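Numbering follows our numbering, with no gaps: position 131 of the sequence shown is 157.
Glycine is no exception: its CB is placed at the ideal position from the N, C-alpha and C atoms.
Please read these numbers as outputs of a predicted model, since none were measured by experiment.
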Amino acid sequence: MLDSAGLGSWHIGHPPDERAQAAMRSRGIDISTLRARRIAAADFERFDLIVAMDRSNREGLRKLAPKDHQHKIKLLMDYAPNLAVQEIPDPFFGDKGAFDYACQLIDAACRGLLVSLTAQAAKDQATPASRPLAPLNG
Numbered sequence: 027m028l029d030s031a032g033l034g035s036w037h038i039g040h041p042p043d044e045r046a047q048a049a050m051r052s053r054g055i056d057i058s059t060l061r062a063r064r065i066a067a068a069d070f071e072r073f074d075l076i077v078a079m080d081r082s083n084r085e086g087l088r089k090l091a092p093k094d095h096q097h098k099i100k101l102l103m104d105y106a107p108n109l110a111v112q113e114i115p116d117p118f119f120g121d122k123g124a125f126d127y128a129c130q131l132i133d134a135a136c137r138g139l140l141v142s143l144t145a146q147a148a149k150d151q152a153t154p155a156s157r158p159l160a161p162l163n164g
């Protein structure tokens, strides 16, 4: 399952910013039906991975997360180590170009995240504990 949530409550129930919608539409993705929501305590239990766009949000998430779920919180740009950018800059106070730049970074990091998840799934399938045992002859 995949979802999106924020730490603040000022946009709850609203659709994404028009500039974000336009930037995503230009990439063939329609986000117009999304509505903002605030992260809930149950999210830390429900999701295997929680990604933050910047360090400030990561720290906010860490303050909310129970100790046994802290390991799930990562920076999205950690999945794009080949780029010299560690955080997704907030495009809200920028122009169309700021939203396009943020989308480019998010795209690159999501591609890296997919590679990471695929590699982890392959590794998990290869571990002896996940393979069914063959019956013993004899």
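Quickly, what does DSSP pair residue i with across the bridge? List them, please.
{"i": "Ile132", "result": "For Ile132, which the question treats as bridged, DSSP gives no partner whatsoever."}
{"i": "Val77", "result": "Lys100"}
{"i": "Gly32", "result": "Arg64"}
Determine the closest residue to residue i out of the options, with distance taken between C-alpha atoms.
{"i": "Met27", "options": "Ile76, Met50, Ala67, Ile132", "result": "Ile76"}
{"i": "Lys100", "options": "Thr59, Pro115, Ser82, Asp116", "result": "Ser82"}
{"i": "Arg88", "options": "Leu140, Ala135, Ala67, Ser142", "result": "Ala67"}
{"i": "Val111", "options": "Lys122, Ile38, Gly123, Tyr127", "result": "Tyr127"}
{"i": "Arg51", "options": "Ala152, Lys122, Leu140, Ala147", "result": "Lys122"}
{"i": "His37", "options": "Ser142, Ala152, Phe118, Arg84", "result": "Phe118"}
{"i": "Gly54", "options": "Lys149, Asn108, Asp94, Cys129", "result": "Cys129"}
{"i": "Cys136", "options": "Leu109, Gly120, Leu90", "result": "Leu109"}
{"i": "Ala49", "options": "Ala145, Ala78, Gly120", "result": "Gly120"}
I'd like the list of long-range same chain contacts for residue i, defined as Cβ closer than 7 Å, with 5 residues on each side in sequence excluded.
{"i": "Pro92", "result": "Phe70"}
{"i": "Pro42", "result": "Ile57, Leu60"}
{"i": "Asp104", "result": "none"}
{"i": "Gln96", "result": "Arg88"}
{"i": "Gly138", "result": "Tyr105, Ala106"}
{"i": "Arg165", "result": "Residue 165 lies beyond the range of the chain shown here (27 to 164); nothing can be said about it."}
{"i": "Ala148", "result": "none"}
Short check: CB of residue i to CB of residue j, under 7 Å?
{"i": "Asp80", "j": "Glu113", "result": "yes"}
{"i": "Gly86", "j": "Leu131", "result": "no"}
{"i": "Phe125", "j": "Ala46", "result": "yes"}
{"i": "Ala134", "j": "Ala106", "result": "yes"}
CB-CB under 8 Å to residue i, same chain, minus the five flanking residues each way: which ones, in chain order?
{"i": "Phe73", "result": "Met27, Asp29, Lys98"}
{"i": "Asp94", "result": "none"}
Excluding the 5 residues preceding and the 5 following residue i in the sequence, name in chain order all residues of the same chain whose CB lies nearer than 6 Å to its CB.
{"i": "Ser35", "result": "Arg64"}
{"i": "His40", "result": "Ala62"}
{"i": "Leu143", "result": "none"}
Mind checking if residue i is an interface residue toward chain C, Cβ cutoff 7 Å exclusive?
{"i": "Ala62", "result": "No chain C appears in this structure, which consists of one protein chain only."}
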